[in-house]
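Participant: Right, I'll just put the structure down here and ask away after.
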Amino acid sequence: MPHHTKIKVRGYHLDLYSHVNNARYLEFLEEARWTFFEDCADLPAFLASGIALIVVNINIDYRHPATMNDELLIETSVKSVGNRSSVIHQCVKLAASGKVAAEADVTLVAYDSRQQKAVLIDGELRELLASLQHQA
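Written out as structure tokens, the structure reads:
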């Protein structure tokens, strides 16, 4: 089951056409990923480990405009876990209608700050990501 994050559209999220600016969706998705890991994992322990999940690619499709005062529901789940990367799938919906505003696949790699390089996704990290994988 995907994790849910709610965000209300504010005036400063809008472009000249009174739609949510495309770049703001990236911020919404990032907020939802942080909330996902805060709610579903021991985030302080993970951060203390020196391993960070770094975004290396985002593929986003914009499907329907969101406007002022819309409440957005962002569904976040782990789509896949590989040896060197993991993909998080996120779907932004208008809460009132269920219409999909945007969908994204976000590719992450595990980065070891001590070694200063990307490392294999294994051990506890692999177990965590696998446990969060949404079975569609």
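Numbering (the UniProt record's numbering), first residue to last: 1 to 136. All residues carry an ideal CB built from backbone N, CA and C; glycine is no exception. In this text the structure is predicted, and so the values were computed from the model without any measurement.
Would you kindly report the start and end of the unbroken alpha helix (DSSP H) that includes residue 138?
Facilitator: Outside the displayed span of the chain (1 to 136) sits residue 138, for which this structure offers no information.
Participant: Under 8 Å, with one C-beta from each stretch per pair, do the segment 5-18 and the segment 82-89 reach the 3-pair mark?
Facilitator: As far as the Cβ criterion goes, the segment 5-18 does not touch the segment 82-89, which means the pair count is below three.
Participant: Would you kindly work out how many angstroms separate the C-alpha atoms of K8 and T67, rounded to a whole number?
Facilitator: Approximately 10 Å, taken between the alpha carbons.
Participant: Rounded to whole angstroms, what is the Cα-Cα separation between E103 and F37?
Facilitator: Whole-angstrom Cα-Cα distance: 19 Å.
Participant: Name the residue from A45, L125, L73 and A130 whose alpha carbon lies nearest to the alpha carbon of A96.
Facilitator: Selected option, being the one with the closest Cα: L73.
Participant: Would you report the Cα separation of L108 and I54, rounded to the nearest angstrom?
Facilitator: One C-alpha to the other measures close to 5 Å.
Participant: Rounded to the nearest angstrom, how far is the Cβ of D105 from that of K79, given a contact under 8 Å?
Facilitator: Yes, D105 and K79 are in contact; Cβ-Cβ is about 6 Å, under 8 Å.
Participant: Taking the beta carbon of R33 as the centre, do at least 16 other beta carbons fall within 10 Å, making it buried, or is it exposed?
Facilitator: By the 10 Å Cβ count, R33 comes out buried.
Participant: The alpha helix (DSSP H) with A130 in it runs from where to where?
Facilitator: Run containing A130: G123 to S131, per the alpha helix (DSSP H) assignment.
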